[in-house]
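These notes are about the structure you will find just below.
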Amino acid sequence: MLPEWLNAEEMPKKNVLFIIVDDLRPELNCYGSKHIVSPNIDNLAATGMLFNRAYCQVAICSASRSSVLTGVYPDKTKVYWNDKHFRDALPDVTTLPQHFRNNGYHSISISKVYHDGFEDPKSWSEPLMELKGIRNEGKFPAGFPFSGQPTRDADVPDNIHCDGVTADRSIEVLRRIKNKPFFFAVGIIRPHLSYLCPKKYWDLYDPNEIKLSEHPFLPKGLPGAAMPYMNESLKKRTSSDDLRREFKHGYYACTSFADAQIGRILDELENLKLADNTIIVLWGDNGFHLGEQGLWMKATNFEATTRVPLIVRVPGMKNKGVKCNRFVDSVDIYPTVCELAGLTLPEHLEGKSFVPLLEDAGIVWQQCSFSQINGKKGMGYSMRTENYRYTEWVGTDEKTVGAELYDYRNAGEDINLAIDKNFKSIVEEHAKMLRDNWRPKWPY
Numbered sequence: 001m002l003p004e005w006l007n008a009e010e011m012p013k014k015n016v017l018f019i020i021v022d023d024l025r026p027e028l029n030c031y032g033s034k035h036i037v038s039p040n041i042d043n044l045a046a047t048g049m050l051f052n053r054a055y056c057q058v059a060i061c062s063a064s065r066s067s068v069l070t071g072v073y074p075d076k077t078k079v080y081w082n083d084k085h086f087r088d089a090l091p092d093v094t095t096l097p098q099h100f101r102n103n104g105y106h107s108i109s110i111s112k113v114y115h116d117g118f119e120d121p122k123s124w125s126e127p128l129m130e131l132k133g134i135r136n137e138g139k140f141p142a143g144f145p146f147s148g149q150p151t152r153d154a155d156v157p158d159n160i161h162c163d164g165v166t167a168d169r170s171i172e173v174l175r176r177i178k179n180k181p182f183f184f185a186v187g188i189i190r191p192h193l194s195y196l197c198p199k200k201y202w203d204l205y206d207p208n209e210i211k212l213s214e215h216p217f218l219p220k221g222l223p224g225a226a227m228p229y230m231n232e233s234l235k236k237r238t239s240s241d242d243l244r245r246e247f248k249h250g251y252y253a254c255t256s257f258a259d260a261q262i263g264r265i266l267d268e269l270e271n272l273k274l275a276d277n278t279i280i281v282l283w284g285d286n287g288f289h290l291g292e293q294g295l296w297m298k299a300t301n302f303e304a305t306t307r308v309p310l311i312v313r314v315p316g317m318k319n320k321g322v323k324c325n326r327f328v329d330s331v332d333i334y335p336t337v338c339e340l341a342g343l344t345l346p347e348h349l350e351g352k353s354f355v356p357l358l359e360d361a362g363i364v365w366q367q368c369s370f371s372q373i374n375g376k377k378g379m380g381y382s383m384r385t386e387n388y389r390y391t392e393w394v395g396t397d398e399k400t401v402g403a404e405l406y407d408y409r410n411a412g413e414d415i416n417l418a419i420d421k422n423f424k425s426i427v428e429e430h431a432k433m434l435r436d437n438w439r440p441k442w443p444y
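Residue numbers for the sequence shown follow my numbering, so the first one is 1 and each next one is one higher.
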């Protein structure tokens, strides 16, 4: 049964604004990272609900987005990297924006919602504003790089950069569609590499105060199957403490730049008096290592890449400013948004609506969250529980080729305890729990 504040039959259709931020860690002021300047996201959290234990299903852009927008886990989409379209495996699946379109909403997107090159025209009511087109609108000086070493920008306007253009175009779209029910998906690129943004955002941070990771090494006892792919270019760019601080400085600056563009979009929603009838979801597609485990990348099952920011604001919600510590999978967003909007849920969904948590963030809920990554020697299926992360690596012959267990109460991800006989019962318990609770059914 829907909460009373949602069950208003006379209310018009609720709009949806879905903001997807690339490579955004939950390293934000509202998540307790007081060194980060993120006032607009902080304000959204203060007026909505912040999910402190939200996890992506794959820490890879296309794979994560495909899972969220189809409402199924990666073993169903068959998208594990940035090399396939989910419609290759699921040609007739109804995506989240497509479901709203089918129910009378104007469905539209700007910039990177699906991954570059894997857009989905079926999802939208009008031709999407692709990332390539957004980039071409930015007025970059001759020779200005899109990629390369993290670069301190000149003192230029925000809309020199694609996210600034995205904010401009988003404001125009909101003004154009304000009189019709809409599902509006906005992709924000930063803080994805490369770390290019106006100088004023770099100036928010003193590089001398940027702290490096206290755990810059891979876990002891890491099985060979779990060895992450190493980006040689990023290794060179982070080969000294000065370079590592510069890298983190760029990430922080771009986080604040992204926050500013999100603020512009949310301000326009208020100016147009749409905020009182718009469901807002802000989600990071995956996290990113900033020196944890000695890595400067994503594509792992570690906490740095699988835990993501998720903030939901719903008109009329009672629990504003509440932090929810229950486990939520990103694939749960699809059924949740549909339920909030009063839409019937498609039968194919594998996620679980967390609307009950919006009513009471402390209720008994699922005891774990699931992620996976396709590694060098097999698939790593990972489960995060209250105190542990347990991962099994399964080879192409369907045999387990490695296991990991980390205890976050003690050594965290410094030591793999799966090979410690003192933790044999914990490993067995989690191995059973992984198979019993994996959504969808454990494939092996």
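Just so you know, even glycine gets a beta-carbon here, dropped at the ideal spot from N, CA and C.
By the neighbour-count definition (other C-beta atoms within 10 Å, threshold 16), residue 293 is a buried residue. Non-local beta-carbon contacts of residue 352 in its own chain, meaning distances under 6 Å to residues more than five positions away in sequence, involve 332 in chain order. Distance from the Cα of residue 291 is smallest, within the candidate group 284, 304, 283, 279, for 304. In this structure residue 229 is exposed. Its beta-carbon is surrounded by fewer than 16 other beta-carbon atoms within 10 angstroms. Residue 306 is classed as buried because its beta carbon has at least 16 other beta carbons within 10 Å across all chains shown. DSSP places residue 379 inside the beta strand (DSSP E), whose first and last residues are 379-384. Residue 301 and residue 59 have their alpha carbons spaced roughly 7 Å apart. Pairing residue 319 with residue 181 gives a Cβ-Cβ distance that is not under 7 Å. Closest option to residue 94, judged by alpha-carbon separation, among 120, 311, 316: 120. With distances taken between CA atoms, residue 372 lies nearest to 383 out of 424, 383, 366. By DSSP's assignment, residue 402 forms a beta bridge with 393. Partner residues in a beta bridge of residue 87, as assigned by DSSP, do not exist. In terms of CA proximity to residue 442, 76 leads the group 88, 76, 263, 55. Ranked by Cα distance from residue 263, the first of 54, 19, 295 is 19. Burial check for residue 363: the Cβ neighbour count within 10 Å stays below 16, so the residue is exposed. Here residue 353 carries a coil assignment [DSSP, helix/strand/coil].
Distances from the alpha-carbon of residue 221 to those of 67, 321, 13, 406 put 406 closest. Under DSSP, residue 182 takes part in a beta bridge, and its partners are 106. In the structure shown, the three-state DSSP call for residue 28 is coil.
A check of alpha carbon separations from residue 197 across 186, 157, 86, 128 identifies 157 as the nearest. Pairwise C-beta distances place the segment 180-194 in contact with the segment 104-115, as three or more of them are shorter than 8 Å. When the Cα atoms are used, residue 81 and residue 68 turn out to be separated by approximately 14 Å. Under the three-state reduction of DSSP output, residue 59 falls in the coil class, being neither helix nor strand. Here DSSP, grouped into helix, strand and coil, assigns residue 54 to strand. In the assembly as shown, residue 396 is an exposed residue. Its beta-carbon has fewer than 16 other beta-carbons within 10 Å. For residue 21, the beta-bridge partners assigned by DSSP are 188, 284.
Partner residues in a beta bridge of residue 205, as assigned by DSSP, do not exist.
Residue state for residue 72 is assigned as coil, using DSSP reduced to three classes.
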